[in-house]
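Peer 1:
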DNA sequence: GCTATAAGTGAGCGATCAATCACTTTAGGC
DNA sequence: GCCTAAAGTGATTGATCGCTCACTTATAGC
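Residue numbers (the working numbering), protein chains in the order written: chain A, 1 to 189; chain B, 190 to 378.
(1) Alpha helix (DSSP H) containing residue 221/B: first to last residue?
(2) Could you pull the start and end residues of the alpha helix (DSSP H) that residue 150/A belongs to?
(3) Thinking just about the alpha-carbon of each residue, which of 52/A, 175/A, 153/A is nearest to the one in residue 111/A?
(4) Given residue 126/A, which residues of its chain have a CB within under 6 Å of its CB, disregarding the five upstream and five downstream residues?
(5) Please report the straight-line C-alpha distance between residue 146/A and residue 323/B, rounded to a whole angstrom.
(6) Just to make sure I have the definition right: I need the residues of chain A whose C-beta is within less than 9 Å of the C-beta of residue 275/B. Which are they?
(7) Given that a residue counts as buried once 16 or more other Cβ atoms are within 10 Å of its Cβ, and exposed if not, what is residue 330/B?
(8) If you compare alpha carbons, which of 24/A, 162/A, 83/A, 45/A is closest to residue 2/A?
(9) Look at residue 153/A and residue 372/B and say whether their C-beta atoms are less than 9 Å apart.
(10) So, is the C-beta of residue 24/A closer than 9 Å to a C-beta in chain B?
(11) So, with DSSP's three-state summary, where would you put residue 78/A?
(12) Between the segment 291 to 308 of chain B and the segment 194 to 214 of chain B, are three or more C-beta pairs nearer than 8 Å?
(13) Residues in the same chain with beta-carbon distance under 8 Å from residue 170/A, minus the five sequence neighbours each way, listed in chain order, please.
(14) Find the nearest neighbour of residue 317/B within the set 222/B, 243/B, 255/B, judged by alpha-carbon distance.
(15) Is there at least one Cβ from chain B nearer than 9 Å to residue 129/A's Cβ?
(16) For the alpha helix (DSSP H) containing residue 198/B, list its first residue and its last residue.
(17) Express the C-alpha separation of residue 278/B and residue 164/A in angstroms, rounding to a whole number.
(18) Specify, as a first and last residue, the run of the alpha helix (DSSP H) that residue 189/A falls within.
(19) Which parts of the segment 283 to 321 of chain B are runs of the alpha helix (DSSP H), unbroken and 4 residues or longer, counting only runs that do not cross its ends?
(20) For a test of the three-state rule: what should DSSP assign to residue 239/B, helix, strand or coil?
(21) So, with DSSP's three-state summary, where would you put residue 327/B?
(22) Give a yes or no on whether the C-beta atoms belonging to residue 228/B and residue 204/B are separated by under 9 Å.
(23) Please identify, using Cβ separations under 7 Å, the residues of the segment 79 to 111 of chain A that lie next to chain B, in order along the chain.
(24) Excluding five sequence neighbours on each side, which residues of the same chain lie with their C-beta closer than 7 Å to the C-beta of residue 350/B?
(25) Mind listing the chain A neighbours of residue 355/B? Cutoff is C-beta to C-beta under 7 Å, in chain order.
(26) What residues of chain B sit near residue 181/A, judged by a beta carbon separation below 7 Å?
(27) Which residue from 87/A, 28/A, 43/A puts its Cα closest to that of residue 7/A?
(28) At a Cβ cut of 7 Å, what residues of the segment 7 to 36 of chain A count as close to chain B, listed as they run along the chain?
(29) So residue 177/A contacts chain B; which residues on that side make the cut at Cβ distance below 9 Å?
(30) For residue 79/A versus residue 186/A, is the C-beta distance shorter than 9 Å?
(31) In angstroms, rounded to a whole number, what distance separates the CA positions of residue 288/B and residue 202/B?
(32) Which word fits residue 310/B, buried or exposed, when buried means at least 16 other C-beta atoms lie within 10 angstroms of its C-beta?
(33) At the level of alpha carbons, what is the spacing between residue 303/B and residue 251/B?
(34) Can you list, in chain order, the residues of its chain with a C-beta nearer than 7 Å to that of residue 361/B? Leave out the 5 residues immediately preceding and following it.
(35) Looking at chain A, is there any beta carbon in it that lies within less than 9 Å of the beta carbon of residue 343/B?
(36) Hey, how far is the Cα of residue 221/B from the Cα of residue 238/B?
Shown next, in the form of structure tokens:
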């Protein structure tokens, strides 16, 4: 038997970069094979179809980010600190791996529906943190999904602008402003 | 000569709905022709290519929304009122025409680069309003593009959640919360 | 009514691309 | 050193899809 795990990682890496740069529909299986320096047929030793590759990539990366966030806030008790830590992690992640963010951003359409309710995701981690803070009386009573969406928007939309070249600085530079704004959304001073 | 303007509108309407529902790449020119109840070849009497149709649709709708916003805040003087009026308009627009929002959302990738700097867009209107308020000392000094992005995120991200079924209520119901949060982002009480 | 011109039609073409499959290569177990 | 099973190959295929083109239909101006 041969070990295909290295090849699988090469496929995932090449696919991620190409999907982020050109979009999923515009990236052919030939492109992916070329980027990974393997034959086109090899892709199909690891994935049943291009669709399965896209879905597998999305779900594993999306869950991975959720797990990372959950691990980071486990040590923090106050909601303000949890928000700050999550935003800080996002800033680092985005600066260090823009293709990852871009891929998740533009494949959410059509993939988000395959996310089960029980799955740990960046969104679920944020919402649960907000829910706990509401139960503790630290945040006003309002739909926690709505609050989570608004906080997420504050952090993600500038990243979208950054991807499209409207904002040019390192994302770290925005860290303090983002935290301030996220607190403002939740009514924390 | 025959008048093709009705047919053109039917093409635009069918394309908008299909693009929003299935995505651009997944929508064929046959689909569009079927949706508009015309022959496939007729599309090419009005647009040179499918790409041109997508770009023309995006640019005209994006500009249209910018013009609408600009007209609405012209009467308002204070930044708080301007923000409130813009959010109110967005809520109405979204509830009444979700395909429009969905289309703009998922075609921004790849189309946003064809937007010239001089063009009036929802983003430019928001940024200019924030800039003026900064000049008047009503909002703290910070990158106006960043502030605009954060405010936009507060309003748009819940709409994204709504499109994907995570938030189910009418968007009007969120109006007050959205305004409160947007003010919070800008440090207005 | 005749003509010119643009709009509308849909079968068909050429290109593209995901997926297959017969074949080759590699390596762990014996 | 041989066997086996999985990994890797790449030419091929069948289907899809954007776009064309020869033709028909409608209408405004005369």
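We treat Cβ as the ideally placed atom computed from N, Cα and C, and that holds for glycine.
Peer 2: Reading from the atomic positions:
(1) 218 to 225
(2) 144 to 163
(3) 52/A
(4) 148
(5) 28 Å
(6) Within 9 Å Cβ-Cβ: nothing; residue 275/B doesn't reach chain A, min ~15 Å.
(7) exposed
(8) 45/A
(9) no
(10) yes
(11) coil
(12) yes
(13) 95
(14) 255/B
(15) no
(16) 194 to 211
(17) 25 Å
(18) Segment: none, residue 189/A is in no alpha helix (DSSP H) and carries neither H nor E.
(19) 287 to 300
(20) helix
(21) coil
(22) no
(23) 106, 109, 110
(24) 356
(25) 145
(26) 339, 374
(27) 43/A
(28) 23, 25
(29) 331, 332, 335, 336, 339
(30) yes
(31) 10 Å
(32) buried
(33) 11 Å
(34) 280, 284
(35) yes
(36) 13 Å
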